[in-house]
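K.L.:
The sequence shown begins at 2 in my numbering and counts up by one.
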Amino acid sequence: MGIFNFFKRKEKPNKIEIPNGSSAEIILWVLDYLPEHYSNERQVISCKDYLKNNEFGLALESLLELPNDTNHYFSDLMWDALS
2 MGIFNFFKRK
12 EKPNKIEIPN
22 GSSAEIILWV
32 LDYLPEHYSN
42 ERQVISCKDY
52 LKNNEFGLAL
62 ESLLELPNDT
72 NHYFSDLMWD
82 ALS
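(1) Kindly give me the distance between the Cβ atoms of H71 and E42, rounded to whole angstroms, as I take these residues to be in contact under 8 Å.
(2) Return the bridge partner residues of L34 from the DSSP annotation.
(3) Using a Cβ-Cβ distance cut-off of 7 Å, determine whether N41 contacts chain C.
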């Protein structure tokens with residue numbers, strides 16, 4: 002089982018800070034930090050569609066399905082952001 006690595010981004014931030022904003026902002030932040038190769042996963046596509054329709058609970062549920070269906074798991078930082 003792999004881990005979603007925040008540092009596969011082009012730029013490595015000095016410190017990753019979890020936003021203190023709305024549910025939508027936090028979900029978008031998590032999506033932004035997912036490696037690019039997950040962008041075509043059904044759960045990510047559904048999550049983005051739900052966000053467009055302001056269905057934040059369904060967006061979160063879709064995002065939480067991603068680790069189970071891809072045999073990866075979220076890092077502690079990601080879980081902290083989503084909690």
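For every residue, glycine included, the Cβ atom is placed at its ideal position computed from N, Cα and C.
Bear in mind that the values here come from a model prediction, so they are computed numbers and not experimental data.
P.N.:
Working from what's here:
(1) Note that residue 71 corresponds to Thr in the displayed sequence, not to His. The Cβ separation is near 6 Å, so the contact holds.
(2) Looking at the sequence provided, one finds Tyr at residue 34 rather than Leu. None, per the DSSP bridge assignment.
(3) Of the protein chains in this structure there is only one, and it is not chain C.
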